[in-house]
Structure formats: C-alpha cells, structure tokens
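Chemist: Shown below is the structure under consideration.
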Amino acid sequence: MTHKERFIKTLKREKIGGQVPTFELVFFLTMEAFGKVHPCHRAYSQWNQMSLNERKLHVNEIADIYIDTAKRYDHSAIFVQPNPGDFENAKWLLETIREKSGDEYYIMMHGDPTWAIPDGDSMFEFSAKMYEEPEKLNEESERRLEQCLDFARKINAEGCLVDGFTLCSDYCFNTNPFFSPDKFDELIVPYLREVIDEYHKMGYYVIKHTDGNIMPIAKQMADCGPDAIHSLDPQGGVSIPELRKLIGDDITLVGNVNCGLLQTGTDEECRADVLRSLREGMERGYGFIFSTSNCAYTGMPLERYEMMMDLWRQYGNYDRQ
1 MTHKERFIKT LKREKIGGQV PTFELVFFLT MEAFGKVHPC HRAYSQWNQM SLNERKLHVN
61 EIADIYIDTA KRYDHSAIFV QPNPGDFENA KWLLETIREK SGDEYYIMMH GDPTWAIPDG
121 DSMFEFSAKM YEEPEKLNEE SERRLEQCLD FARKINAEGC LVDGFTLCSD YCFNTNPFFS
181 PDKFDELIVP YLREVIDEYH KMGYYVIKHT DGNIMPIAKQ MADCGPDAIH SLDPQGGVSI
241 PELRKLIGDD ITLVGNVNCG LLQTGTDEEC RADVLRSLRE GMERGYGFIF STSNCAYTGM
301 PLERYEMMMD LWRQYGNYDR Q
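The opening residue of the sequence shown carries number 1 in full-length UniProt numbering; numbering runs sequentially from there.
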C-alpha cells in the first residue's frame with residue numbers, strides 16, 4: 001500500500017497491519033533538518049514584483065520541503081499551508097506537490113470556519129458578544145462557512161489535489177475549553193457539523209484539530225462526525241483510553257505524544273511518554289495515527305523529534321505487538 005492508502009484505511013478504522021501511520025500537522029524544524037526556511041516563515045511582501053521564474057523557484061522549493069520532510073520521517077500525509085494563500089497560488093503549490101510525489105501521500109489543507117479562542121486583544125470583546133449578541137457571531141459564522149465551502153468546491157473542480165481538510169480552530173486551554181458546553185452547542189456545533197457534512201459530500205475526509213483539554217466538549221465534537229480528532233493533548237489531561245470510553249471507537253485518534261516533554265523533559269521521560277502513546281493508541285489494532293500532541297514547533301530540539309521517530313519505527317508496528 002502507498003502511504004496515502006494506509007492513512008485513508010486508518011481514517012476509515014480498518015485494520016492495516018504493519019507500521020502505524022504518522023505525520024505532523026506542521027514540521028517547523030526545516031532549517032535544522034534541511035537548511036531551508038519553513039514555508040510559513042517566509043515573507044512574500046515582494047511576491048507581486050517577482051518574475052514568473054522567481055515564483056516557480058519558490059513554489060518548487062516549498063513543494064520539495066513538504067515532500068522531503070515526508071520522505072525523511074516516513075510521514076503518510078502532508079498538511080499543506082500555501083504561502084501566499086490565495087486560491088491560484090494554493091492550486092499551483094498543490095499541483096506541484098502532486099506532480100512531484102504522485103499519489104504517494106495523503107494531502108490535506110486547513111478549512112475551518114468555526115470560532116477559535118480569540119487573541120488577547122479581542123478576547124474581552126468576543127466574550128461579551130458571545131452572551132450579548134450571539135446572533136451576530138452566528139451571522140459571521142455563516143459567511144465564514146460559505147467561504148470555506150466555496151474554496152473547497154473550487155479545489156474539488158480541479159481534480160484530486162487534496163484528499164481532505166483539517167479543521168484547525170483551537171477551542172481549549174490546558175485547563176478547560178474556552179467555550180462552555182452550552183455556548184459550544186450554540187456557536188460552534190451547527191457550523192462544525194455542516195462543514196464536515198459538506199466536505200464529506202465532496203468526497204473529502206475530515207480531521208478536527210484542537211489542543212488543550214477537550215474532554216468537556218469531546219462528545220459534542222465527535223457527534224459532528226469528523227473522521228479523526230487531533231491532537232489529544234496530554235498537557236491538557238487528554239487520555240486516549242478515557243477519550244475512547246467517552247466517544248467510542250468510530251473516530252480515529254491522532255497524536256498524544258507530549259510536546260512539552262519533547263522540549264524540556266529528560267530522555268527517559270520522553271521515551272516513556274512515546275511508548276505510552278504507542279501502547280495506548282495501538283491497543284485496538286486500528287484507528288490510530290501517531291504524532292506529537294501539537295506539531296514539531298520552533299524550539300523543539302530536532303534530536304528529540306528524531307528520537308521519537310526512531311521509537312515509532314521500532315515499536316509502532318502492529319505485527320510486532
């Protein structure tokens with residue numbers, strides 16, 4: 001099977017045998033790994049002044065970074081963040097990745113219309129509006145939903161450029177969700193359910209991402225019908241066995257290696273946490289994708305990520321359980 005086939009079978013909760021699929025939502029450590037700036041860290045203020053040849057060079061290098069990362073770490077999927085992010089440039093980058101990698105990898109993009117935790121500058125205003133003018137937030141959610149679906153329809157019309165969407169709005173702190181369960185039902189659930197339903201109708205798979213303590217709203221998220229939930233943050237108290245008890249076995253689980261330990265823990269702590277994540281995730285024999293509990297972010301030691309992946313290669317195999 002290709003990496004893509006293994007990834008999709010896992011999203012469908014089918015048993016695959018062999019190595020557990022793995023990927024990272026973002027692998028920011030490209031400077032250490034390849035001596036190249038990550039696509040998200042590139043400023044394109046002069047993009048419109050570049051010649052066509054300069055643009056081609058940029059697009060080709062970005063495509064190579066994504067593919068080289070997947071090859072080096074045996075990732076089954078690539079989460080593409082186009083930069084610049086307008087439709088035409090996103091299409092160009094996706095076409096380039098497909099041309100270079102064929103159908104080997106599952107390709108996904110962000111596509112989440114739902115509200116995330118607001119930043120510090122707007123948190124007070126947003127919080128007041130949640131209770132005083134929720135209808136205005138829902139009107140904006142309708143517009144955001146249509147923008148996401150319009151983009152997906154355009155991509156869909158171009159053929160098999162992506163296999164799915166990953167919904168990246170963060171809802172939770174490490175202690176609790178930002179939204180109470182009631183407010184989550186009012187402001188998030190209708191639009192989360194609809195965007196997932198519409199993506200599914202187009203033939204796409206959907207992964208829902210959020211960090212932090214998702215447990216108070218996990219059932220509400222699961223009931224919206226995503227194919228998988230990422231990132232199962234142990235720093236937010238998320239336990240794979242407890243989450244499975246809460247939402248059942250009909251949704252694939254992705255992540256759960258403690259990013260904080262990878263950055264600041266001892267080698268022994270990191271090793272124990274990686275092995276715990278593999279043991280708990282692989283217990284059912286299906287429906288688990290291995291990754292960090294967030295991403296391989298700037299500041300995480302590359303050698304720790306590579307230690308994690310060495311352990312995955314050694315112990316993340318269903319046939320050797």
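Ideal Cβ placement from N, Cα and C applies to all residues, glycine included. Fair warning: this is a prediction, and the values are worked out from it, not measured in the lab.
1. Measure the CB-CB distance between residue 106 and residue 214 and report whether it falls below 8 Å.
2. What does residue 231 pair with, by DSSP beta-bridge criteria?
3. Nearest-angstrom Cα distance between residue 77 and residue 279?
4. Pairing CB atoms from the region 59-78 with CB atoms from the region 32-39, are three or more of them under 8 Å?
5. Determine contact between the region 91-107 and the region 118-132, defined as no fewer than three beta-carbon pairs at a distance below 8 Å.
6. Counting only runs of 3+ residues fully inside the region 148-183, write out the beta strand (DSSP E) ranges in chain order.
7. Determine the DSSP secondary structure at residue 34, reduced to helix, strand or coil.
8. Helix or strand or just coil, what does DSSP make of residue 116?
9. Three or more C-beta pairs closer than 8 Å, one from the region 168-182 and one from the region 107-124: is that the case here?
10. Expressed to the nearest angstrom, what Euclidean distance is found between the alpha-carbon atoms of residue 164 and residue 201?
11. Excluding the 5 residues preceding and the 5 following residue 24 in the sequence, name in chain order all residues of the same chain whose CB lies nearer than 6 Å to its CB.
12. By the 10 Å Cβ neighbour count, where 16 or more other Cβ atoms means buried, how is residue 184 classified, buried or exposed?
13. Mind listing, in chain order, the continuous beta strand (DSSP E) runs of no fewer than 3 residues lying wholly within the region 232-302?
14. Within 10 angstroms of its Cβ, does residue 256 collect 16 or more other Cβ (buried), or is it exposed?
15. Measuring straight from C-alpha to C-alpha, what distance separates residue 139 and residue 229?
16. Using only the alpha-carbon positions, how far apart do residue 42 and residue 81 sit?
17. Ends of the alpha helix (DSSP H) at residue 23?
18. Quick check: what's the CA-CA separation for residue 174 versus residue 269?
Modeler: So, from the listed chains and residues:
1. As a first step, residue 106 must be located in the sequence shown, where it is residue number 106. As a first step, residue 214 must be located in the sequence shown, where it is residue number 214. Contact flag unset, no.
2. Translated into positions along the sequence shown, residue 231 becomes position 231. DSSP output for residue 231 lists 255 as bridge partner(s).
3. Reading the sequence shown from its first residue, position 77 is the one you call residue 77. Reading the sequence shown from its first residue, position 279 is the one you call residue 279. The alpha-carbon atoms of residue 77 and residue 279 are separated by roughly 22 Å.
4. yes
5. no
6. 164-167
7. Residue numbering aside, residue 34 sits at position 34 when the sequence shown is read from its first letter. Three-state DSSP puts residue 34 in a helix.
8. Numbered from 1 along the sequence shown, position 116 holds the residue referred to as residue 116. It is coil, neither helix nor strand.
9. A contact is defined here as three or more CB-CB pairs under 8 Å, and the region 168-182 meets this definition with respect to the region 107-124.
10. Taking the first residue of the sequence shown as position 1, residue 164 is located at position 164. Taking the first residue of the sequence shown as position 1, residue 201 is located at position 201. Each residue's alpha carbon lies about 12 Å from the other.
11. On the sequence shown, position 24 is the one that residue 24 refers to. Only 291, 295 and 296 meet the Cβ criterion.
12. What you label residue 184 is simply residue 184 of the sequence shown in a count that begins at 1. Classification of residue 184: buried, given that the 10 Å Cβ count is 16 or more.
13. 252-255
14. Taking the first residue of the sequence shown as position 1, residue 256 is located at position 256. It counts as buried.
15. To locate residue 139, count along the sequence shown from 1; it is residue 139. To locate residue 229, count along the sequence shown from 1; it is residue 229. Each residue's Cα considered, the two are about 26 Å apart.
16. Taking the sequence shown and counting its residues from 1, one reaches residue 42 at position 42. Taking the sequence shown and counting its residues from 1, one reaches residue 81 at position 81. Cα-Cα distance, rounded: 12 Å.
17. Reading the sequence shown from its first residue, position 23 is the one you call residue 23. Per DSSP, residue 23 lies in no alpha helix (DSSP H) and is assigned neither H nor E.
18. Walking along the sequence shown from the start, residue 174 turns up at place 174. Walking along the sequence shown from the start, residue 269 turns up at place 269. For residue 174 and residue 269, the distance between alpha carbons rounds to 20 Å.
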